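Numbering (the UniProt record's numbering), first residue to last: 1 to 459.
Structural data, given as structure tokens:
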């Protein structure tokens, strides 16, 4: 087959079949335009100054007008620290997602054709090769669902003992333990079980010495755990500034659990008032120290767990399928795109719950229809705009400000109105590409939307 020569636009990354087509495209789309350094948008050269005044100066003025109840008025300085604004190839951070995407095209030539080459990587015997709902269910029972019966009971017992060891080995006396992660929520799979442990203690209430005490405490815990009878089954990960991470080989080393342990003081307490939670939301929004914000947000972890656990068992089965799809349908990052990050497990859980709620919260439903609905939504990720109002109301100032500035995809944490969980990913375009390819697989061949999934016909 003859190779077709393509002509590449250095400005936006589009490819064309002829030089003439490229020149026409450039004259129509880019001629006379320059890129705004603040937001990455292309504007006419003579209108750049007006653009900066009307868009960016107005945003600064609105920021100065923030005035929370019982809090001093402050000027918010937004930092480009979110993963969604981090380049997949060089990890450089940008002020907006658009600026990051333009950088990837211009500096790394990450075009649509290159994205197609590096994103999909379907494993052998993928569940998408199943040809019926019954075959998919058998696949899930045999290869995705966690073990049941005596093996599960033994696993639960060992985890309980290990959690107690963690509490005993922590150098701060009698911390209050909070557990989270997919294992606790009931969304773990046979190949992916996450357990998050938070140790709350008033010792860490002094912010001036907190980070140093945290590092010392976690280092001591690391050493103490290796000296226990479980030490030879604990595989420690790389040191992290605010957490201790390790894999634990469980029940005869047949499977493992991924642990992450963090510590702080409980800024809310076990039974917080509504006003105290609202005060925490304001504090998180105004906080300029990302580490401090992360530590303070640990107090909201139990509410995240409760939100996911409240969904019915069939939804958790669907979450497992979507998680398995992410694990088995994407190519591994290479040295070239080693900073690519796919959505977090919590993002996947919330997205799946949202799709289930759109279907009317059925107790029983077809997993094929549910998985198809999730994938179709991922294809049009730029339309994802999801908010729940169970922990904060629509007129709460923090929510109003975050909602005014948000960009899609947008899934606001149902228990934390300052966090768009979609910002944990810088490869939504790759997710959409792989989802589009997946919908062409045998599992969805001749599948049409059925009640209560008819709303997917609009996607």
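Glycine is no exception: its CB is placed at the ideal position from the N, C-alpha and C atoms. Treat the numbers as computed from the prediction; the structure is a model and nothing was measured.
Each residue's CA atom was taken as its position, placing residue 131 and residue 444 some 8 Å apart.
Here residue 189 is near residue 144, since their CB atoms are less than 8 Å apart. Between the alpha carbons of residue 232 and residue 226 lies a gap of roughly 7 Å. In the structure shown, residue 89 adopts coil according to DSSP, grouped into three states. Within the stretch 213-248, the runs of beta strand (DSSP E) at least 3 residues long that lie entirely inside it are, in chain order, 234-236. Beta-bridge pairing by DSSP links residue 189 to 192. Counting only residues of its own chain and dropping the five nearest sequence neighbours on each side, residue 388 has a CB closer than 7 Å to the CB of 414. In the structure shown, the three-state DSSP call for residue 94 is coil. Residue 109 sits exposed, since fewer than 16 C-beta atoms from the chains shown fall within 10 Å of its C-beta. Contact between residue 330 and residue 120 holds, since their C-beta atoms are separated by about 7 Å, short of 8 Å.
Contact annotation, residue 305 with residue 159: C-beta distance approximately 15 Å; criterion of less than 8 Å not satisfied.
When C-beta atoms of the stretch 299-316 are compared with those of the stretch 350-363, three or more pairs fall below 8 Å, so the two segments count as touching.
In the pairwise beta carbon analysis, the stretch 376-387 is classified as touching the stretch 406-420: at least three pairs are separated by under 8 Å.
Only buried fits residue 217, as 16 or more other CB atoms lie within 10 angstroms of its CB. Bounds of the alpha helix (DSSP H) holding residue 329 are 313-329. Of 133, 102, 30 and 201, the smallest CA-CA separation from residue 371 is found for 133.
Secondary structure note for residue 439: it is in no beta strand (DSSP E), with a DSSP letter that is neither H nor E. Residue pairing by DSSP places residue 250 opposite 255 in a beta bridge.
Of the candidates 89, 116 and 396, the residue whose Cα lies closest to the Cα of residue 106 is 89.
Rounded to whole angstroms, residue 440 and residue 446 show a C-alpha spacing of 10 Å.
Taking one beta carbon from each stretch, the stretch 294-304 and the stretch 168-180 have 3 or more pairs nearer than 8 Å; the two touch. Ranked by Cα distance from residue 211, the first of 102, 293 and 135 is 293. If you look at residue 42, you'll find it in the beta strand (DSSP E) that goes 42-44. Beta-bridge partners assigned by DSSP to residue 199: 177 and 263. Separation of residue 46 and residue 450 (C-alpha to C-alpha, rounded to the nearest whole angstrom) is 53 Å.
In terms of Cα proximity to residue 344, the closest of 254, 421, 206 and 118 is 421. As the crow flies, the alpha-carbon of residue 436 is around 48 Å from that of residue 229. Listed in chain order, the non-local C-beta contacts of residue 362 below 7 Å within the same chain comprise 452, local neighbours out to five positions each way being set aside. For residue 32, the closest alpha carbon among the candidates 265, 417, 43 and 24 is that of 43.
Burial state of residue 346 is buried, judged by a 10 Å Cβ sphere holding 16 or more other Cβ atoms.
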